[in-house]
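Here's the structure we're looking at; comments come further down.
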Amino acid sequence: EAGVAQSPRYKIIEKRQSVAFWCNPISGHATLYWYQQILGQGPKLLIQFQNNGVVDDSQLPKDRFSAERLKGVDSTLKIQPAKLEDSAVYLCASSLDPAESSYNSPLHFGNGTRLTVT
Amino acid sequence: TQLLEQSPQFLSIQEGENLTVYCNSSSVFSSLQWYRQEPGEGPVLLVTVVTGGEVKKLKRLTFQFGDARKDSSLHITAAQPGDTGLYLCAGNPDSWGKLQFGAGTQVVVTP
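Shown next as structure tokens:
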């Protein structure tokens, strides 16, 4: 099966600019996640969608970050305006069914977008 | 504060040596997962452990879940350069929902 696709792979912007990332999950996966991974740290969940509804966005900095999942398939994550501390790898993941435990519905990650804010 | 503490943060060994990395928490987890992440790629699931005391083997990798389901270890026998990567543990403190990741252990195996 095709994996989780993300683009772009790399992005360099200046602070206060805006940026958008795109994710196409594995076909048929109901749940989509956006994670932020700062260098030297593990991934931190930003937002979780089930189909096109938000399940958890408690750690999303909503004053500057937004995300949508139109039609329950592709998703975009936007940062506006960017800050220096947003420099990180943004990982998208998908899973088949969140109603079951993660044991039965493991996460599949994309290769991420490396964002550098200067 | 990380819910899952991983140690050591960094480990550099020679090919053929053995290594163990640890994942500890004060919380009980319904399951724990181990991922390996290589540079420029996303984490890839290696194994999920569910039962306290459970031991799973994946070729030269041995995973153990603590009896109290608060900790886990990963042991690699006769490490090879291909084992190089960031090893992440992750778990659900409740039966489903938000997966919490540790900060990872960076393993470097030199020929």
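Taken in order, these protein sequences are the chains called G and F. Counting from 1, one number per residue, gives the positions in the first sequence under the working numbering. Counting from 1, one number per residue, gives the positions in the second sequence under the working numbering. Backbone N, C-alpha and C define an ideal beta-carbon position, used for all residues, glycine too.
Would you call the CB atoms of residue i and residue j closer than 9 Å?
i                 : j                 : result
ASP71 of chain F  : TYR22 of chain F  : yes
LEU3 of chain F   : ILE76 of chain F  : no
THR76 of chain G  : VAL55 of chain G  : no
ALA88 of chain G  : LEU45 of chain G  : no
GLN50 of chain G  : PRO43 of chain G  : no
GLN37 of chain F  : LEU74 of chain F  : no
GLY16 of chain F  : ALA78 of chain F  : yes
GLY53 of chain F  : PHE65 of chain F  : yes
LEU107 of chain G : LEU99 of chain F  : yes
SER7 of chain G   : THR113 of chain G : yes
VAL50 of chain F  : SER31 of chain F  : yes
Helix, strand or coil for residue i per DSSP?
i                 : result
LYS78 of chain G  : strand
HIS29 of chain G  : coil
GLY91 of chain F  : strand
SER105 of chain G : coil
ARG114 of chain G : strand
GLU15 of chain F  : coil
SER30 of chain F  : coil
LYS56 of chain F  : strand
ALA93 of chain G  : strand
List the residues that DSSP assigns as beta-bridge partners of residue i.
i                : result
LEU86 of chain F : F:GLN37, F:GLN106
VAL19 of chain G : G:ILE79
PHE10 of chain F : F:GLN106
LEU74 of chain F : F:VAL21, F:PHE63
GLU5 of chain F  : F:ASN24
Which first and last residues belong to the beta strand (DSSP E) in which residue i is found?
i                : result
ASN24 of chain F : 19-24
PHE60 of chain F : Note that residue 60 of chain F is Arg in the sequence shown here, rather than Phe. That residue, ARG60 of chain F, is in no beta strand (DSSP E); it is neither H nor E in DSSP.
ALA78 of chain F : That residue, ALA78 of chain F, is in no beta strand (DSSP E); it is neither H nor E in DSSP.
ILE13 of chain G : 10-13
ALA5 of chain G  : 5-7
THR48 of chain F : 44-49
What runs of the beta strand (DSSP E), each 3 residues or longer, lie entirely inside the stretch 41-88 of chain G?
-> 44-50, 53-56, 65-68, 75-79
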